[in-house]
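Let me begin by presenting the structure, written as C-alpha cells, before commenting on it.
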Amino acid sequence: MSPPLLSVRNLTVAFDTRRGTFDAVREVSFDVKPGKTLGVVGESGSGKSVTAMALMQLLPDSATVTSGSVHFAGRDLGSLDEREMQKVRGREIAMVFQDPLSSLNPILTVGHQIMEPLRLQMGLAKAAARARAEELLALVRIPSPAAIMRSYPHELSGGMRQRVMIAIALSCGPKLLIADEPTTALDVTTQAQILELLRDLQERLHMSVLLITHDLGVVAEFADEVLVMYAGRIVERSPVAALFDRPGHPYTEGLLHSMPPLEDEDPEVLPAIEGNVASPFELPAGCAFHPRCPYVFDACSKVAPVLAEMSAGHDAACLRIKC
C-alpha cells in the first residue's frame with residue numbers, strides 16, 4: 595500500500611479572542627491518499643475550514659497551531675518557514691475557496707490573475723504564461739479563452755468565476771487540491787457542472803482532493819472517504835459507502851436524515867437536528883453532541899468518547915458502539 599500524500603496527526607488550533615482562548619480544532623487526525631478524494635462534512639462552526647487553513651498555514655493572527663503535525667509527501671510542513679511554505683502553496687498544494695467573487699481581485703483581468711502564479715512560481719516568461727493561461731481556461735471548459743483573459747471577474751457568471759478559480763489553483767500542477775465549499779454559492783445545475791469538472795480533472799491530472807462541504811449529497815457523488823466533524827473534533831470517519839449504509843454516530847445519522855429525498859417533489863418538512871452547535875466557550879462535558887442527541891444516556895454527559903472501530907476503516911466516537 596502506498597503511503598498517504600497528506601498525513602495529519604493530532605492537529606489542534608486555538609483562537610485568542612476578547613472572551614478568551616478556545617480550541618476551534620481539537621486533536622484532528624486523518625490521511626489523504628494519492629489520487630483519492632477525502633470529504634470533510636459538518637455544520638458551520640465544526641472546524642472544517644480552520645483545518646484547511648491550518649494545513650496551508652493561512653490562519654489569521656488570532657489563531658495558533660498549538661499541537662500536532664502535518665506531513666505532505668513525507669515532508670514536515672510545520673518545520674517550514676514562510677518563504678519555504680510559499681513554494682508549497684500553489685505548486686504542491688492549491689486551494690479553491692467558497693466565494694470566487696471575493697477571492698478574485700476585481701481590478702485585475704482574469705488573464706493577469708491566472709498568469710501571476712505561472713510567472714512567480716513557475717518562472718515562465720510573459721508570452722509562455724499567457725499561452726499556458728489560455729490552455730488552463732480551455733482545460734476547465736471555458737469557451738473563447740482568449741476573450742475571457744481580457745475580462746474582469748464581475749463580467750463573468752458565478753460558474754465561470756469558479757472555473758477561473760479552479761484554473762488558477764491548477765496552474766502550477768499541484769498534487770493536492772483543497773476545495774473549500776466550492777459549489778455553495780452556485781445554483782444546482784452549475785454545482786453539478788463544477789463537480790463533474792473537478793472529477794474529470796482529478797482523473798486526468800492524478801490529483802488528490804480534500805473536499806470540504808456541508809452537503810452529504812456532494813460527498814456521496816464525489817468522495818472516496820469521509821470525515822464527519824462536530825465541535826472541532828472528528829466524530830466519524832469511513833469509506834463513503836459504509837457511511838451511508840451504516841452511520842455510526844448520531845450526528846452523522848441526523849445529517850443523513852436532513853438530506854432532501856431523491857424524488858422530484860420536495861418534502862413539506864425536512865427533518866432537522868434539534869438544537870444548535872454549542873459555543874466553543876461553553877462546550878458541554880462528555881460528548882459535545884449529547885445535548886442534541888436522541889440516544890443520550892447518563893454516561894454521555896460524563897465521558898468524552900474516542901473513535902472506536904465499527905468495521906474495517908470505519909470508526910465513530912460514540913459510547914453506544916461499546917455498549
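What the sequence shown shows, in this note's numbering, is residues 595 to 917, in sequence order. Glycine included, each C-beta is placed from N, C-alpha and C at the ideal position. Just so we're clear, the structure is a prediction, and the values are computed from it rather than from any experiment.
Collapsed DSSP secondary structure at Cys917 in the structure displayed:
Start at 1 with the first residue of the sequence shown, and residue 917 comes out as number 323. Confidence at Cys917 is low in this model, with a pLDDT of 47, below 50, so its placement is unreliable and the value that follows should be read with caution. Coil.
Using only CA atoms, which one of Val871, Pro854, Phe609, Tyr845 lies nearest to Ala911?
Numbered from its first residue, the sequence shown carries residue 911 at position 317. For the residues Val871, Pro854, Phe609, Tyr845, the minimum Cα distance to Ala911 belongs to Tyr845.
From the DSSP secondary-structure annotation, give me the bridge partner or partners of Ser663.
Here residue 663 refers to the residue found at position 69 of the sequence shown. Bridge partners of Ser663: Arg603.
Helix or strand or just coil, what does DSSP make of Phe691?
If you number the sequence shown from 1, residue 691 lands on position 97. In this structure, Phe691 counts as coil in the three-state DSSP scheme.
Contained alpha helix (DSSP H) runs [length at least 4] in the region 711-743, N- to C-terminal order
720-733, 739-743
Can you tell me whether Ile762 is helix, strand or coil according to DSSP?
Looking up residue 762 in the sequence shown gives position 168. Helix at Ile762.
In the structure shown, what three-state DSSP assignment does His908 receive?
In the sequence shown, residue 908 corresponds to position 314, counting from 1. Reduced to three states, the DSSP call for His908 is strand.
Go to Leu791, then tell me how far its alpha helix (DSSP H) extends in each direction, as first and last residue.
Position 197 of the sequence shown, counting from 1, holds the residue named residue 791. Run containing Leu791: 782-799, per the alpha helix (DSSP H) assignment.
Compute the Euclidean distance between the alpha carbons of Val622 and Arg744, then round it to the nearest angstrom.
Along the sequence shown, read from residue 1 onward, the residue named residue 622 stands at position 28. Along the sequence shown, read from residue 1 onward, the residue named residue 744 stands at position 150. About 43 Å.
Three or more C-beta pairs under 8 Å: does that hold for the region 790-804 against the region 670-678?
With fewer than three CB-CB distances shorter than 8 Å, the region 790-804 does not count as touching the region 670-678.
Excluding sequence positions up to five away, which residues of its chain have a Cβ less than 7 Å from the Cβ of Cys917?
Here residue 917 refers to the residue found at position 323 of the sequence shown. Bear in mind that the predicted position of Cys917 carries a pLDDT of just 47, short of 50, making it too unreliable to give a figure here.
7 Å CB neighbourhood of Tyr824 in its chain, flanking five on each side removed
Taking the sequence shown and counting its residues from 1, the one referred to as residue 824 is at position 230. Hits under 7 Å: Gly636, Ser640, Tyr845, Ala882, Phe883.
With distances taken Cα to Cα, identify the nearest neighbour of Leu837 among Met904, Ala786, Arg755.
Here the question's residue 837 lines up with position 243 in the sequence shown. Checked all of Met904, Ala786, Arg755; the closest Cα to Leu837 is Met904.
Run of the alpha helix (DSSP H) containing Tyr845, from where it starts to where it stops
By one-based count along the sequence shown, residue 845 stands at place 251. Taken as a continuous stretch (DSSP letters only), the alpha helix (DSSP H) holding Tyr845 covers 844-851.
Does the Cβ-Cβ distance between Gly869 and Pro888 come in under 8 Å?
Numbered from its first residue, the sequence shown carries residue 869 at position 275. Numbered from its first residue, the sequence shown carries residue 888 at position 294. No, the Cβ-Cβ distance between Gly869 and Pro888 is not below 8 Å.
Check whether Val634 and Ile760 have beta carbons under 8 Å apart
The residue you call residue 634 lines up with position 40 of the sequence shown. The residue you call residue 760 lines up with position 166 of the sequence shown. Their beta carbons are not under 8 Å apart, which means Val634 does not touch Ile760 by this criterion.
Considering only C-alpha positions, which residue in the set Val871, Ser873, Met853 is nearest to Pro865?
Stepping through the sequence shown from its first residue, residue 865 is reached at position 271. Comparing Cα-Cα distances from Pro865 to each of Val871, Ser873, Met853, the minimum goes to Met853.
Excluding the 5 residues flanking Leu877 on each side, which residues of the same chain have their C-beta closer than 7 Å to its C-beta?
Taking the first residue of the sequence shown as position 1, residue 877 is located at position 283. Once the five neighbours on either side are set aside, the close Cβ partners of Leu877 are Ala825.
Which one of His706, Val682, Ala906 has the shortest CA to CA distance from Cys766?
Residue numbering aside, residue 766 sits at position 172 when the sequence shown is read from its first letter. Residue Val682 is the option with its Cα nearest to Cys766.
Residues bridged to Leu771 [DSSP beta-bridge criterion]:
As a position in the sequence shown, residue 771 is number 177, starting the count at 1. According to DSSP, Leu771 bridges with Ala688, Val803.
Suppose contacts are defined by Cβ-Cβ distances below 8 Å. Is Leu599 in contact with Leu730 by that definition?
As a position in the sequence shown, residue 599 is number 5, starting the count at 1. As a position in the sequence shown, residue 730 is number 136, starting the count at 1. Against a cut-off of 8 Å, the Cβ pair of Leu730 and Leu599 comes out as no contact.
Nearest neighbour of Leu913, chosen from Ala902, Gly907, Ala906 [CA to CA]:
Along the sequence shown, read from residue 1 onward, the residue named residue 913 stands at position 319. Ranking the options by Cα distance to Leu913, first place goes to Ala902.
Using the rule of at least 16 other Cβ atoms within 10 Å of the residue's Cβ for burial, across every protein chain shown, is Ile919 buried or exposed?
With the chain covering only 595 through 917, there is no way to say anything about residue 919.
From this set, Thr778, Pro747, Ala727, which residue's C-alpha is nearest Ala740's C-alpha?
On the sequence shown, residue 740 is found 146 positions in, with the first residue counted as 1. With distances taken between Cα atoms, Ala740 lies closest to Ala727.
Could you tell me which residues DSSP puts in a beta bridge with Phe609?
Walking along the sequence shown from the start, residue 609 turns up at place 15. Phe609 pairs with Phe616, Ala657.
Any beta carbon from chain C within less than 8 Å of Ala719's own beta carbon?
Absent here is chain C; the protein component of the structure consists of one chain.
So, does the region 646-657 touch the region 678-694, judging by three or more C-beta pairs under 8 Å?
yes
Could you spell out the range, first to last residue, of the beta strand (DSSP E) harbouring Val822?
In the sequence shown, residue 822 corresponds to position 228, counting from 1. Per DSSP, Val822 belongs to the beta strand (DSSP E) from 819-824.
Measuring CA to CA, which of Arg724, Val813, Ala721, Ser696 is closest to Gln756?
Counted from its first residue, the sequence shown places residue 756 at position 162. The residue with the shortest Cα to Cα distance from Gln756 is Ser696.
Quick one: Cα of Glu830 to Cα of Leu718, how far?
Counted from its first residue, the sequence shown places residue 830 at position 236. Counted from its first residue, the sequence shown places residue 718 at position 124. Going by the C-alpha atoms only, they are around 44 Å apart.
Exposed or buried, which one is Asp774 when buried takes at least 16 other CB atoms within 10 Å?
Walking along the sequence shown from the start, residue 774 turns up at place 180. With 16 or more other Cβ atoms within 10 Å, it is buried.
Check whether the Cβ atoms of Ile772 and Ile867 lie closer than 8 Å to each other.
Stepping through the sequence shown from its first residue, residue 772 is reached at position 178. Stepping through the sequence shown from its first residue, residue 867 is reached at position 273. Going by C-beta atoms, Ile772 is not nearer than 8 Å to Ile867.
Do you know how far the Cα of Ser656 is from the Cα of Thr611?
For the purposes of this step, residue 611 is taken as the residue at position 17 of the sequence shown. For the purposes of this step, residue 656 is taken as the residue at position 62 of the sequence shown. The straight-line gap from Cα to Cα measures roughly 7 Å.
Which stretch, first to last residue, makes up the alpha helix (DSSP H) that contains Glu815?
Indexing the sequence shown from 1 puts residue 815 at position 221. If you look at Glu815, you'll find it in the alpha helix (DSSP H) that goes 810-816.
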